[in-house]
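J.: Taken in order, these protein sequences are the chains called A and B.
Anchor point for the first sequence: position 29 equals 29 in UniProt numbering, and the numbering is continuous, going up by one each time.
Anchor point for the second sequence: position 236 equals 236 in UniProt numbering, and the numbering is continuous, going up by one each time.
The structure that follows is given in the form of structure tokens.
Number of protein chains: 2
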Amino acid sequence: MAEKSSSGGGDLPASLEAAWGLRARPAKGPKPGLSLERIVAAAVDVASADGLAAVSMGRVAQEVGASTMSLYRYVSAKDELYVLMQEAAFGPPEPLSALESGASWREALAEWASAQRDRLHAHLWLLRIPVGGPPATPNSLAWWEQGIQALEGSGLDEGDKTSVVLLVSNFVRSEALLMADLAAAVTARGASPDEVTASYERTLKRLVDPVRHPGISRLLESGAMSEPDDPDYEFTFGLERLLDGVEALIRKMDGGVKSA
Amino acid sequence: MAEKSSSGGGDLPASLEAAWGLRARPAKGPKPGLSLERIVAAAVDVASADGLAAVSMGRVAQEVGASTMSLYRYVSAKDELYVLMQEAAFGPPEPLSALESGASWREALAEWASAQRDRLHAHLWLLRIPVGGPPATPNSLAWWEQGIQALEGSGLDEGDKTSVVLLVSNFVRSEALLMADLAAAVTARGASPDEVTASYERTLKRLVDPVRHPGISRLLESGAMSEPDDPDYEFTFGLERLLDGVEALIRKMDGGVKSA
DNA sequence: CCCTTCTGCGTATGACATACGCGTTATTGC
DNA sequence: GCAATAACGCGTATGTCATACGCAGAAGGG
């Protein structure tokens, strides 16, 4: 009754079907004047230019020279467009040079994390798309796979590899989100990044009570807040901690064999 | 020209002013028939019952027995309501028992992370509220402070303490978000959690190509996917890795002194 | 050659956030 | 006491969205 797909069978969620390009190609009616690719590309352009909030069906249609409702011939709902945008903007992973050169799992995983981070930074609006369940799109699977491969020489079992991959990619994502929020705050006011940081520090100094918040007070006094030039600092710091933690696990598992 | 606050001076963002309870108490007009507290409490109830998406100004007003527009006498915009909801639902931290009993920083930080996680799980909709910049509300600061205090005996410097606190709380948040998304998927379809997991595994098996995705294929074959009963597993796993990583840092910093 | 099926798209609906202004009610300065 | 003042509750209006529905025209298939 519901069998109509040209490959396989069963009912994938509509968005997945679209993402994998298994849309039933109808041979009957008039030729489509648009294409999913054009629509998604236009939506990505809008998001890159004016943020995810600017991506409305009307705006995308306008961008592509069609009427709002015609988009629904290609996309079942806006959520589906989101999925496709994510897939397109994130793209497939590049091969890891650390894997080809036979470097350690640690280098491979670090490279993998950085690559993922770069994609997110190139399209900060990706972080605003609500996540809808576990990964199942082509590129998501490809990245996942690559993460597992980075851990190939580690001696971890399959379940732990996936847990580590999940842990690292969650870290990358949440760190990027933090940066995106900061960038958004910067954009919202007209000020420069330094100006915003300084203003935040001033606000904190006003609100923090040395008695109730001795730790934060010490932080403010230490001046550690006024000089963090490197925007990569928190990322590098967190990633190192994470990798150290994974290393500890690996050592625990196989009793001291360095896999390099 | 803009000086009107009753304590301090300068212009806090409106939402912060509200969160810290420094709203100018007007002595002129009629008595307010509502209160911020009532409004926020109603909004929290709506979110808890029907999710954050159900929190509209109209709905909250109805819940509180007032008209939509009257809410704007108490709240300058919906974003402000969000901030207040977050503050109310998250609440202040309990004292850490690990701190009182003089346990290690590791136990303290683990307890802190778990406590934070519990709050998020009690109000999953908290994770849907878009984050607006760095923490500056009373409870946010209190949690931050407590995280720093958990690291008191660690020997880390102030900057590193804050980085670790940030790292851990980001981890807790992103793990909870993952669970929330899963729960949302479960709710969306009518099925049971096991049913959804099984369906996901079936989907993966259909989409994964053993040649392009050897790692994921191995995972699927290993059956590691079919039996994860413990919903805390990923949390515990990730937290252990993180704490191991922090431990490695501490050892590196002070040359081998165990702080317990 | 007509009938089925798909196309683009105009129109309509129903949420929603929020600006504006009006009548009303306390409080304060006289 | 009494008017001037400011805050209150809230009806109405505006503009933005996603999206359901249905129609008219295009293209293959029988």
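Cβ coordinates follow ideal geometry from the N, Cα and C atoms, glycine included.
Answer with yes or no whether the minimum CB distance from Ala136(A) to chain B is below 8 Å.
T.: So, interface residue.
J.: Based on Cα-Cα distance, which residue from Leu126(A), Pro32(A) and Gly133(A) lies nearest to Gly51(A)?
T.: Among Leu126(A), Pro32(A) and Gly133(A), the Cα nearest to that of Gly51(A) is on Leu126(A).
J.: So, helix, strand or coil for Ser70(B), using DSSP?
T.: Note: Ser70(B) maps to helix in three-state DSSP.
J.: Tell me where the alpha helix (DSSP H) around Leu239(A) begins and ends.
T.: That run of the alpha helix (DSSP H) goes Tyr233 to Asp254.
J.: Is the stretch 246-256 of chain A in contact with the stretch 168-182 of chain B, if contact means three or more CB pairs nearer than 8 Å?
T.: Not touching, per the Cβ criterion.
J.: Please report the straight-line C-alpha distance between Thr197(A) and Phe235(A), rounded to a whole angstrom.
T.: Each residue's Cα considered, the two are about 18 Å apart.
J.: Identify which residue in Gly155(B), Val40(B), Val165(B) and Gly159(B) has its Cα closest to the Cα of Asp79(B).
T.: Closest option to Asp79(B), Cα to Cα, is Val40(B).
J.: For Ala2(A), which residues of its own chain have a beta-carbon under 7 Å away from its beta-carbon, when the five flanking residues on both sides are left out?
T.: Low local confidence applies: a pLDDT of 34 at Ala2(A) is under 50, so the model's placement there is unreliable, and no value is given.
J.: Going by C-alpha to C-alpha distance, which of Ala136(B), Pro214(B) and Val168(B) sits closest to Phe237(A)?
T.: Ranking the options by Cα distance to Phe237(A), first place goes to Val168(B).
J.: Can you look up Glu221(B) in the DSSP assignment and give me helix, strand or coil?
T.: DSSP places Glu221(B) in helix when its eight states are reduced to three.
J.: With a cut-off of 8 Å, does the C-beta of Thr236(A) fall near any C-beta of chain B?
T.: No, because no Cβ of chain B sits closer than 8 Å to the Cβ of Thr236(A).
J.: Does DSSP put Leu12(B) in a helix, in a strand, or in coil?
T.: If DSSP states are grouped into helix, strand and coil, Leu12(B) belongs with coil.
J.: Should Lys252(B) be labelled buried (16 or more other beta-carbon atoms within 10 Å of its own) or exposed?
T.: Flag for Lys252(B) reads exposed.
J.: One question on the structure: do Asn170(A) and Phe90(A) come within less than 8 Å of each other, judged by their Cβ atoms?
T.: No, the pair does not count as a contact, with Cβ atoms beyond the cut-off.
J.: For Trp20(B), which residues in chain A fall below 9 Å Cβ to Cβ?
T.: Simply Leu207.
J.: Please work out which residues of its chain come closer than 6 Å, Cβ to Cβ, to Ala260(B), disregarding the five sequence neighbours upstream and downstream, and give them in chain order.
T.: Caution applies to Ala260(B), whose pLDDT of 41 falls short of 50 and renders its modelled position unreliable; the value that the coordinates give is listed next. Closer than 6 Å at Cβ, skipping near neighbours: Ser104.
J.: Quick one: Cα of Gln149(B) to Cα of Leu109(B), how far?
T.: Roughly 9 Å separates the two Cα atoms.
J.: Can the beta-carbon of Ala122(A) be found closer than 8 Å to that of Glu111(A)?
T.: Contact flag unset, no.
J.: With a CB to CB cut of under 8 Å and the five nearest residues on each side skipped, what residues in its chain are close to Leu177(B)?
T.: For Leu177(B), where only same-chain residues beyond five positions count, the Cβ hits under 8 Å are Leu127.
J.: Check the Cβ of Val246(A) against every Cβ in chain B and list those closer than 9 Å, keeping chain order.
T.: Under the 9 Å cutoff, chain B gives Arg241, Asp244 and Gly245.
J.: Looking at C-alpha atoms only, which residue of Asp209(A), Ser163(A), Pro231(A) and Tyr74(A) is the closest neighbour of Arg23(A)?
T.: If we check each option's Cα against that of Arg23(A), Tyr74(A) comes out closest.
J.: Give the DSSP-derived three-state secondary structure of Glu227(B) in the structure shown.
T.: Here Glu227(B) sits in coil by DSSP.
J.: Going along the chain, which residues of its own chain have a beta-carbon closer than 6 Å to the beta-carbon of Glu87(B), five neighbours each way excluded?
T.: For Glu87(B), where only same-chain residues beyond five positions count, the Cβ hits under 6 Å are Ala19, Thr137 and Asn139.
J.: At a Cβ threshold of 8 Å, is Trp144(A) touching chain B?
T.: Yes, because at least one Cβ of chain B sits closer than 8 Å to the Cβ of Trp144(A).
J.: Over the uninterrupted alpha helix (DSSP H) stretch that includes Gly159(B), give me the two end residues.
T.: Here the alpha helix (DSSP H) through Gly159(B) covers Glu158 to Ala188.
J.: Could you check whether the Cβ of Leu109(B) sits closer than 8 Å to any Cβ belonging to chain A?
T.: False, the Cβ-Cβ gap to chain A never drops below 8 Å.
J.: Just checking: is the beta-carbon of Arg119(B) within a distance shorter than 8 Å of some beta-carbon in chain A?
T.: Not an interface residue.
J.: The stretch 29-54 of chain B: which residues have C-beta closer than 9 Å to a C-beta of chain A, in chain order?
T.: Correct list: empty, as no residue qualifies.
J.: Go ahead and label Met69(B) buried or exposed: buried means 16 or more other beta carbons lie within 10 angstroms of its beta carbon, across all protein chains shown.
T.: Result: exposed.
J.: So with Cβ pairs under 8 Å, would you call Arg173(A) a contact of chain B?
T.: Chain B contact via Cβ: present.
J.: According to DSSP, is Arg25(A) part of a helix, a strand, or is it coil?
T.: Residue state, collapsed to three classes: coil.
J.: Using C-beta distances below 8 Å, list every residue in its chain close to Glu94(A), excluding the 5 sequence neighbours before and after it, in chain order.
T.: Hits under 8 Å: Ala115.
J.: Which chain B residues are close to Tyr72(A), counting only those with a beta carbon under 8 Å from its beta carbon?
T.: The contacting residues do not exist; Tyr72(A) stays about 21 Å from chain B at best.
J.: Which first and last residues belong to the alpha helix (DSSP H) in which Ala103(B) is found?
T.: Neither: Ala103(B) is in no alpha helix (DSSP H) and is coded neither H nor E.
J.: Helix, strand or coil for Pro214(B), going by three-state DSSP, please let me know.
T.: The answer is helix: DSSP assigns Pro214(B) an H, G or I state.
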